[in-house]
Amino acid sequence: MPGVMTAAQRTDVVVEIGGVPIRLRSGNPAFIRLVQDRYAGYVSSSDEASFDFEIELTQPDTEADDGHLRVTWDSGRWLMRRGDFRAELNPSTARGWIQQTVNPYALDSVLRIVHTLLLARKGGFLIHSASAIRNGRAFLFSGVSGAGKTTMARLAPPDAALLTDEISYVTLQDGQYTAIGTPFFGELARVGENLRAPIECVYLLAKGIENKIEPVVGADAVRGLLGNILFFAQEPESVKLVFDAAVEFVKRVPIRRLTFVPDARVWELIV
Amino acid sequence: MNSKRYVARSTAIAARVLGDETMVMSAVSSTLFTLDEVATVIWESADGVTPLEDIVADKICTKFDVAPEVALRDAEKLVEGLAEHGLVVLADKPITESKISHGENR
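Residue numbers (the numbering used here), protein chains in the order written: chain C, 2 to 272; chain S, 16 to 121.
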């Protein structure tokens with residue numbers, strides 16, 4: 002039928018995370034299908050997008066292939082570079098490009114960076130944490146690798162909707178901090194449910210010999226939160242924005258330390 | 016010889032008060048520092064034009080039970096530490112805004 006592009010021919014896809022639709026274009030339909038599969042549940046049914054990226058598939062950048070990520074602000078553009086990708090975003094035109102290897106993990110990284118940059122200007126952030134909605138409220142379980150994020154996600158009871166086991170999306174909506182599901186996963190290897198709910202509490206995870214919850218306040222809470230917030234740009238204005246976001250968040254959302262034994266009983270405390 | 020020292024907060028930082036403490040983050044290194052109540056008083060008074068010894072005499076010794084020479088020695092140690100991390104600028108003359116924004120120390 003004329004004018005209708007089949008799924009097999011598509012050269013673009015709109016991925017909507019946190020309510021921000023981003024169009025990804027590539028001359029390679031097979032790669033677009035890969036992206037559609039990878040971000041299943043987050044592919045928008047609308048063609049509307051807030052940002053447009055043109056993707057060019059390339060070989061790894063051997064000169065920059067040290068695994069080190071660089072995010073810099075230059076002449077009104079964000080520049081991102083790692084061994085497996087180079088990317089640019091011009092916020093004023095809402096357009097950018099990505100040169101990357103065919104590995105979708107490179108695109109995952111670019112999307113994470115872009116969302117941290119966008120969120121920072123709105124008082125939000127991405128944070129290393131599992132998150133789940135229970136009884137209409139979101140609970141975040143934050144910690145570095147090995148702290149127990151995926152364990153908490155695996156132990157979640159059936160009535161908990163899992164938003165992610167790795168990277169939580171925190172945004173400020175109508176004066177309320179809200180967690181939104183993300184397709185960014187850890188060891189669970191499963192995209193989170195594309196849902197949202199007001200944040201009830203952030204738990205800083207620690208494994209122990211008993212289950213207990215202790216309040217974390219003031220500077221300790223900010224420090225605990227900042228230690229897990231993703232921010233890649235070293236540009237001073239961005240650092241200030243992230244710091245301010247963390248302080249504001251701590252003033253309004255309880256931060257607690259959750260020491261837990263890794264079995265299902267820990268979820269009895271999460272109500 | 017004029018031995019007065021002046022201290023000014025750097026512009027390359029973000030700072031917020033939480034209770035009795037002040038959290039200061041270096042926007043250059045992303046390092047986070049926590050200032051206690053006494054350090055917070057010095058931090059808030061670090062306007063670049065008030066000599067450190069006046070800050071200690073007027074804001075510290077009047078509020079906290081501490082000998083002036085001890086307070087000044089501790090204050091000098093504190094601001095030198097902050098300067099090492101680029102959080103403040105130190106000088107032997109009143110500090111202009113351009114020196115603060117360029118993070119010049121001397």
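C-beta atoms are modelled at their ideal positions from N, C-alpha and C, and glycine is treated no differently.
Remark: C-beta atoms of T165 of chain C and S132 of chain C approach each other more closely than 8 Å.
Taking 7 Å as the Cβ-Cβ cut-off, the stretch 27 to 52 of chain S approaches chain C at A27, A29, R31, L33, G34, E36, M38, M40, A42, V43, S45, L47, T49, given in chain order. Of the other Cβ atoms in all chains shown, fewer than 16 fall within 10 Å of the Cβ of E211 of chain C; this residue is therefore exposed.
Between the C-alpha atoms of S44 of chain S and A234 of chain C there is a straight-line separation of about 11 Å.
A Cβ-Cβ distance of about 6 Å is found for the pair I230 of chain C and V243 of chain C, placing them in contact under the 8 Å criterion.
Rounded to the nearest angstrom, the gap between the Cα atoms of S18 of chain S and Y170 of chain C is 53 Å. Among the CB atoms of chain S, none fall inside 8 Å of the CB of F126 of chain C. Below the 9 Å Cβ cutoff, chain S contributes no neighbours of R113 of chain C, its closest Cβ being approximately 18 Å away. Shown here, H116 of chain C sits in a helix according to DSSP, grouped into three states. Here DSSP, grouped into helix, strand and coil, assigns R26 of chain C to strand. Within the stretch 208 to 219 of chain C, the residues whose Cβ lies closer than 9 Å to some Cβ of chain S are V218, G219, listed in chain order.
Between the C-alpha atoms of Q37 of chain C and A107 of chain C there is a straight-line separation of about 15 Å. The C-beta of V72 of chain C comes no closer than 8 Å to any C-beta of chain S. By the CB criterion at 8 Å, I214 of chain C and L270 of chain C fall inside the cutoff. Annotated three-state conformation of R11 of chain C is coil, per DSSP.
C-alpha of V94 of chain S to C-alpha of T65 of chain S: approximately 14 Å in a straight line. Unbroken alpha helix (DSSP H) stretches of 4 residues or longer found wholly inside the stretch 96 to 182 of chain C: 105 to 121, 150 to 156, given in chain order.
Rounded to whole angstroms, the Cβ separation of I28 of chain S and V56 of chain S is 17 Å, and the two are not in contact under 8 Å.
Closer than 8 Å to the CB of V240 of chain C there is at least one CB belonging to chain S. For the options C:V203, C:A88, C:K123, C:P30, the alpha carbon positioned closest to that of G176 of chain C is the one of C:K123. Listed in chain order, the non-local C-beta contacts of E89 of chain C below 6 Å within the same chain comprise R78, L80, G97, W98, local neighbours out to five positions each way being set aside. A direct Cα-Cα distance of roughly 16 Å separates N91 of chain C from A121 of chain C.
With respect to L226 of chain C, V203 of chain C sits close: the two C-beta atoms are nearer than 8 Å. Burial of G182 of chain C is indicated by the presence of at least 16 other C-beta atoms within 10 angstroms of its C-beta. At a cut-off of 8 Å, the C-beta of D75 of chain C has no neighbouring C-beta in chain S.
Considering only C:G28, C:V16, C:L163, the residue with the shortest C-alpha distance to N136 of chain C is C:L163.
R258 of chain C sits close to L205 of chain C, with the two beta carbons spaced by under 8 Å.
Chain S places no beta carbon closer than 8 Å to that of P255 of chain C, leaving this residue out of the contacts. Cα atoms of G101 of chain S and V218 of chain C: separation of roughly 27 Å, rounded to the nearest angstrom.
Our two residues, N29 of chain C and Q60 of chain C, have alpha carbons roughly 15 Å apart in a direct line. For V145 of chain C, there are no neighbours in chain S by C-beta distance under 7 Å, as the nearest C-beta there is about 16 Å away. One finds nothing in chain S with a Cβ atom closer than 8 Å to the Cβ of L141 of chain C; even the nearest lies about 20 Å away. Counting the other Cβ atoms within 10 Å of the Cβ of F186 of chain C gives 16 or more, which makes it buried. Rounded to whole angstroms, the gap between the alpha carbons of V81 of chain S and K208 of chain C is 43 Å.
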